[in-house]
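Chemist: Residue numbers (my numbering): -5 to 194.
From the three backbone atoms N, C-alpha and C, an ideal C-beta is built for every residue, glycine too.
(1) Thinking just about the alpha-carbon of each residue, which of 116, 13, 175 and 169 is nearest to the one in residue 129?
(2) Exposed or buried, residue 16, counting other C-beta atoms within 10 Å across all chains shown (16 or more means buried)?
(3) Take the Cβ of residue 7 as the centre, count every other Cβ of all protein chains shown within 10 Å, and call the residue buried at 16 or more, exposed below.
(4) Leaving out five residues before and five after residue 95 in sequence, what residues of the same chain have Cβ atoms less than 7 angstroms from its Cβ?
(5) Out of 121, 86 and 69, point me to the one whose CA is closest to residue 52's CA.
(6) I need the DSSP call for residue 0, collapsed to helix, strand or coil.
(7) With distances taken between CB atoms, is the gap from residue 153 to residue 26 smaller than 8 angstroms?
(8) Among 146, 44, 158 and 148, which residue has its Cα nearest to the Cα of residue 91?
(9) Look up residue 113 in the DSSP assignment and say whether it is helix, strand or coil.
(10) Got a sec? Which residues, its chain only, sit under 7 angstroms from residue -5 by beta carbon, not counting five neighbours each side?
(11) Please state the DSSP three-state secondary structure of residue 55.
(12) List the DSSP bridge partners of residue 126.
(13) Between the region 137 to 144 and the region 97 to 113, do at least 3 Cβ pairs fall closer than 8 angstroms?
(14) What do you get for residue 89, buried or exposed, if any count of 16 or more other CB atoms within 10 angstroms of its CB means buried?
(15) Would residue 57 be called buried (16 or more neighbouring beta carbons within 10 Å of its own) or exposed?
(16) Let me know if residue 78 comes out buried or exposed under the rule of 16 or more other beta-carbons within 10 Å of its beta-carbon.
(17) Where does the unbroken alpha helix (DSSP H) through residue 158 begin, and where does it stop?
(18) Contact defined as beta carbons within less than 8 angstroms: I believe residue 97 pairs with residue 156. What is the distance between those atoms, to the nearest angstrom?
(19) How big is the Cα-Cα spacing for residue 127 and residue 133?
(20) With 16 as the cutoff for other CB atoms within 10 Å, does residue 34 come out buried or exposed?
(21) Alpha carbon to alpha carbon, how far is residue 164 from residue 72? Give it in angstroms, no decimals.
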């Protein structure tokens, strides 16, 4: 029940939360790899265009997954942080998670805005199958080139900040697992036989 899910902490994340987390992680890593290659690689124009289309598709996927994760988290209370964690580290963990969600939602939206305001007005077809609309208003702007340049810079800098946040996130998880030796990482890992009382 939703009321129980909101009030009763769980020793582990739910199966849905775990699946959404790792799907998001794989999508974000793919997104970063594609973005770096298409931005800095020595590619033929057609290959760069193909990677650009994949980048758009995976970016929208990350946006959808992040919205699903946020919605699931709002109605399914995550397990509490270890009781031994100092208050400063507890506050830092909450702040880092909030920043991660902000960038996982914000960067795809900015990328969507870049595509929408582009003077080339290229259509977006997710994975070559699903047509995806432009954001409203932006395609009708008078000076679209200048706006596109600004949004591209914001998107690029945001991507580097996100990479830094992800490294911090991974480092913190490994510290909990290898140094503090608590169950912070294990409760987000898939398991074949869930403990009694766990729920989807």
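Modeler: In short:
(1) 116
(2) exposed
(3) buried
(4) Here residue 95 has 60 and 64 as same chain residues with Cβ atoms under 7 angstroms from its own Cβ, once five neighbours each way along the sequence are excluded.
(5) 121
(6) The pLDDT assigned to residue 0 is 47, lower than 50, so where the model puts this residue is not dependable; a value taken from the coordinates is nonetheless given after this. Here residue 0 carries a helix assignment [DSSP, helix/strand/coil].
(7) yes
(8) 158
(9) coil
(10) Below a pLDDT of 50, predicted positions are generally treated as unreliable, and residue -5, at 38, falls in that range; the measurement from the model is reported next regardless. If we look at residue -5 and ignore the five residues flanking it on each side, it has no Cβ neighbours.
(11) It is helical.
(12) 118
(13) yes
(14) exposed
(15) buried
(16) Counting the other Cβ atoms within 10 Å of the Cβ of residue 78 gives fewer than 16, which makes it exposed.
(17) 138 to 168 is the span of the alpha helix (DSSP H), which, as asked, contains residue 158.
(18) That pair is a contact at about 5 angstroms.
(19) 11 angstroms
(20) exposed
(21) 18 angstroms
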